[in-house]
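Report on one structure; see the data block that follows.
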Amino acid sequence: MNRKNESVREHVPLYLSREVLFPGMLLPVHVDSSSALALFQRVLDTREELGVVPVERGNVLSPPDVGAVGTFARVVRMERLPDGSVHVHLRGTRRFRVREMRWEQAYPEATVEPVDDAPRNVLRSEALAARVRELWEMYTQTMQRVMGTEMREVRVPDDPRHLAYFVASGLQTDFRALRALLQLASVEDMLAREVALLAKELWLLDFIDRTQEREMEHRLGPSGFLSRN
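Below, the structure written as structure tokens:
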């Protein structure tokens, strides 16, 4: 028997999101369209998982491509508001790949296949994870210095897979970069991309930090007091 086909799920309800959801991540969603309300009512009634697939702003009514990667999610909280809309909190569980789309309901459904995120090369994944942890510490410290705020201390996962998801969920980068990260085939590929993304973000943050320092020096002047200019 083909084990790969055993994991295929059919008629999975999909929520097309403007945000990228990674496993383990909590995603707040405000729902007011009739189709999305119908989707979440079904999920609430059946207690099944839904699929969250990221699509670009302006394309939420367009079907994602076959082969697109999304994330299974469970509703952890749902609040109905007086205007009829609902506020939902979703928790990502694991990634999947879209194999076939269906539009028979008010919302899209899909046949999907879960992505196997077990590390393919243990030594490589551990080495990449060590580098990502090092860069993540530098990134959070620099971010706090630039923003002038303290971030709540959160334990960084040791497991390479959980680390890849954790960092992806916390990166302050653009939608396309995050969606491309979600699409990658393996944990090793995700960690390698995160090394590059963190290095780029660190360079940008360091540039901002140095620019702010020069601006402050200019305002203070050589005496250390605020300059009239």
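The opening position of the sequence shown corresponds to residue 261 in the working numbering, with each subsequent residue numbered one higher. All residues carry an ideal CB built from backbone N, CA and C; glycine is no exception.
Throw me the rounded Cβ distance for the L274 and A370 pair, which I believe falls under 8 Å.
-> On the sequence shown, residue 274 is found 14 positions in, with the first residue counted as 1. On the sequence shown, residue 370 is found 110 positions in, with the first residue counted as 1. The C-beta distance from L274 to A370 rounds to 5 Å, short enough to meet the 8 Å contact threshold.
Where P273 sits in the DSSP three-state scheme | For the purposes of this step, residue 273 is taken as residue 13 along the sequence shown, with counting starting at 1. Three-state result, P273: strand.
Helix, strand or coil at E279 according to DSSP, with G and I counted as helix | Counting from 1 along the sequence shown, the entry for residue 279 is found at position 19. E279 falls in the coil class under three-state DSSP.
To which residues does DSSP link P374 through a beta bridge?
-> To locate residue 374, count along the sequence shown from 1; it is residue 114. For P374, the pairing in a beta bridge is given by DSSP as F356.
If you follow the beta strand (DSSP E) that V336 is part of, which residue opens it and which one closes it?
-> As a working mapping, residue 336 is identified with position 76 in the sequence shown. Counting along the chain, the unbroken beta strand (DSSP E) around V336 starts and ends at 329-340.
What distance in whole Å lies between the Cβ atoms of P314 and L442, which are believed to be in contact at a cut-off of 8 Å?
-> Here the question's residue 442 lines up with position 182 in the sequence shown. Here the question's residue 314 lines up with position 54 in the sequence shown. Rounded to the nearest angstrom, the Cβ distance from L442 to P314 is 7 Å, consistent with a contact under 8 Å.
Does at least one heavy atom of the ligand SAM sit under 7 Å from the Cβ of S429?
-> This structure lacks the ligand SAM, and indeed carries no ligand of any kind.
Would the region 423-437 and the region 278-293 be scored as touching if the rule is three or more Cβ pairs under 8 Å?
-> With the cut-off at 8 Å, the region 423-437 and the region 278-293 touch.
Hey, would you say P368 sits closer than 8 Å to P420, going by beta carbons?
-> Translated into the one-based positions of the sequence shown, residue 368 becomes position 108. Translated into the one-based positions of the sequence shown, residue 420 becomes position 160. Note that the C-beta distance between P368 and P420 is not below 8 Å.
Under a Cβ-count criterion, where at least 16 other Cβ atoms within 10 Å of its own Cβ denotes burial, should F490 be classed as buried or exposed?
-> The question about residue 490 has no answer, for the chain in this structure spans 261 to 489.
Hey, how far is the Cα of S345 from the Cα of L276?
-> If you number the sequence shown from 1, residue 345 lands on position 85. If you number the sequence shown from 1, residue 276 lands on position 16. Going by the C-alpha atoms only, they are around 17 Å apart.
Quick one: grab the DSSP three-state call for N262.
-> By 1-based counting over the sequence shown, the position of residue 262 is 2. Caution applies to N262, whose pLDDT of 40 falls short of 50 and renders its modelled position unreliable; the model cannot decide the point.
Please state whether DSSP places E369 in a helix, a strand or coil.
-> Position 109 of the sequence shown, counted from the start, is the residue given in the question as residue 369. Residue state, collapsed to three classes: strand.
Spatial distance of P482 from H349 (CA atoms) = Taking the sequence shown and counting its residues from 1, one reaches residue 482 at position 222. Taking the sequence shown and counting its residues from 1, one reaches residue 349 at position 89. Note that P482 scores 49 on pLDDT, short of 50, meaning its location in the model is unreliable and no value can be drawn from it.
Just the C-alpha distance for V280 and E316, rounded to the nearest angstrom, thanks.
-> Sequence index remark: in the sequence shown, residue 280 carries index 20 (1-based). Sequence index remark: in the sequence shown, residue 316 carries index 56 (1-based). Computed Cα separation, rounded: 10 Å.
For H478, count neighbouring Cβ atoms within 10 angstroms of its own Cβ and tell me buried if that reaches 16, exposed if not.
-> One-based indexing of the sequence shown puts residue 478 at position 218. At H478 the pLDDT is 49, less than 50, meaning the model places this residue with poor confidence and gives no usable figure here.
Roughly how many whole angstroms lie between the Cα atoms of G271 and V382?
-> Translated into positions along the sequence shown, residue 271 becomes position 11. Translated into positions along the sequence shown, residue 382 becomes position 122. It is worth fixing the name first, because residue 271 is His in this sequence and not Gly. H271 and V382: Cα-Cα distance of roughly 34 Å.
Under 8 Å, do R334 and T306 count as touching if we go by C-beta distance?
-> For this step, residue 334 is matched to residue 74 along the sequence shown. For this step, residue 306 is matched to residue 46 along the sequence shown. Between R334 and T306, the CB-CB gap reaches or exceeds 8 Å.
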